[in-house]
Amino acid sequence: MKKIFFVFILFIACACQANTSQALSAEAQDYELQSQSVLSDSLMVNIQKKIYDTFVSTMMTQKNQALLDLNDQLTALHKEKKQNLILYWQSYLHYYNAIYHLKTQDKDNAEKQIDKGIELLEDMENKNSEDYALLAMLQSFSMQFKSGVKAPFISKNVESNAQKAEKLDAKNVRAYYVQASNDYYTPEQYGGGKKAEKLLLKAVSLPEQSIKSPYLPSWGKEEAYEMLTKLYIKAEKWEEAKKYYQEGIEAYPNSYVISQLATKLVGK
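The numbering of the sequence shown is this note's numbering, which starts it at 219 and goes up by one.
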């Protein structure tokens with residue numbers, strides 16, 4: 219999956235107390251079970267790719283009506299099914315709608331869209347590992363729209379929710395990628411850059427999905443390869459950079475975010 223990323227400053231704030239992994243696990247919704255009940259809904263088949271492809275189309279036409287229409291379909295489906303899995307994909311769609319507005323120089327609507335996605339996830343009951351990972355990613359994206367006063371509190375929430383995602387599922391690649399991204403984009407003077415390498419190495423060692431399913435998320439591993447390669451390029455660790463670039467491009471031969479790093483490795 220191709221992704222568009224934006225560099226934004228994250229700040230490290232004091233840690234807050236999180237729920238225990240046992241309590242979280244007891245409440246978490248099982249998306250693998252939920253996906254069984256939407257087998258007859260063609261809308262949900264390869265929904266992650268549908269959202270991304272629709273986003274690409276909106277960027278080409280400079281009109282986001284297709285994204286709005288897809289969101290309406292998901293809203294209607296949720297009224298019928300009442301499942302967290304559908305809300306998850308609505309939140310994911312709001313993330314891409316926010317990117318669309320940001321790329322078309324409409325920051326106000328970009329902020330509104332990302333806030334809608336965050337609100338859906340925050341209000342969701344019995345969140346699971348995937349929900350917490352996506353919530354952390356959306357919160358980190360929202361940082362660029364918030365004042366400096368709010369930044370430490372948002373960063374604290376990003377870290378807390380990403381850690382909850384890991385506690386609920388230690389094999390969730392997205393839990394490690396989001397934590398790594400938070401650390402990677404945090405300036406060194408605020409404590410950043412100390413954990414990203416270890417977290418990214420863990421992320422690329424994991425499968426995209428525990429169980430293959432066209433209804434469940436698979437994002438995160440491609441982005442982890444990209445970020446890990448960038449991390450090693452920045453540190454001028456050329457052998458490591460070339461190794462993980464090669465691994466990444468072999469796993470994702472059509473990846474724009476990975477392939478664009480090739481020019482930085484020429485002659486190294």
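Quick reminder that beta carbons are idealized off the backbone N, C-alpha and C, glycines included.
Are the beta-carbon atoms belonging to V422 and A453 less than 8 angstroms from one another?
On the sequence shown, residue 422 is found 204 positions in, with the first residue counted as 1. On the sequence shown, residue 453 is found 235 positions in, with the first residue counted as 1. Contact: no.
Are the beta-carbon atoms of A380 and V391 separated by less than 8 angstroms?
For the purposes of this step, residue 380 is identified with residue 162 of the sequence shown, where counting begins at 1. For the purposes of this step, residue 391 is identified with residue 173 of the sequence shown, where counting begins at 1. No, they are not a contact pair.
Go through the stretch 398-425 residue by residue and report every complete run of the beta strand (DSSP E) that reaches 3 residues or more, in order.
none
Should A241 go down as buried or exposed, given a rule of 16 or more other Cβ atoms within 10 Å for buried?
Start at 1 with the first residue of the sequence shown, and residue 241 comes out as number 23. Reliability of the predicted coordinates at A241 is poor, the pLDDT of 49 falling under 50, and the value obtained from them is presented with this limitation in mind. Exposed, by the Cβ-count rule.
How would you write the range of the alpha helix (DSSP H) that S260 sits in, first residue to last?
Looking up residue 260 in the sequence shown gives position 42. First-last for S260: undefined, no H or E at that position.
Restricting to Cα atoms, I'd like to know which of L449, K455, G438 is closest to S473.
Taking the sequence shown and counting its residues from 1, the one referred to as residue 473 is at position 255. Of the listed residues, the one whose Cα sits closest to S473 is G438.
Supposed close pair A418, L446 - CB separation, criterion 8 angstroms
Reading the sequence shown from its first residue, position 200 is the one you call residue 418. Reading the sequence shown from its first residue, position 228 is the one you call residue 446. The amino acid at residue 418 is misidentified as Ala; the sequence shows Leu. Yes, L418 and L446 are in contact; Cβ-Cβ is about 4 angstroms, under 8 angstroms.
Answer with buried or exposed for A398, where buried requires no fewer than 16 other C-beta atoms within 10 angstroms of its C-beta.
In the sequence shown, residue 398 corresponds to position 180, counting from 1. When all chains shown are included, A398 counts as buried.
Could you tell me the alpha carbon to alpha carbon distance between D349 and K300, rounded to whole angstroms?
Here the question's residue 349 lines up with position 131 in the sequence shown. Here the question's residue 300 lines up with position 82 in the sequence shown. Straight-line Cα distance between these residues: approximately 15 angstroms.
Residue-chain proximity (V263, chain D), Cβ-Cβ < 8 angstroms
The question asks about chain D, but that chain is absent: this structure has only one protein chain.
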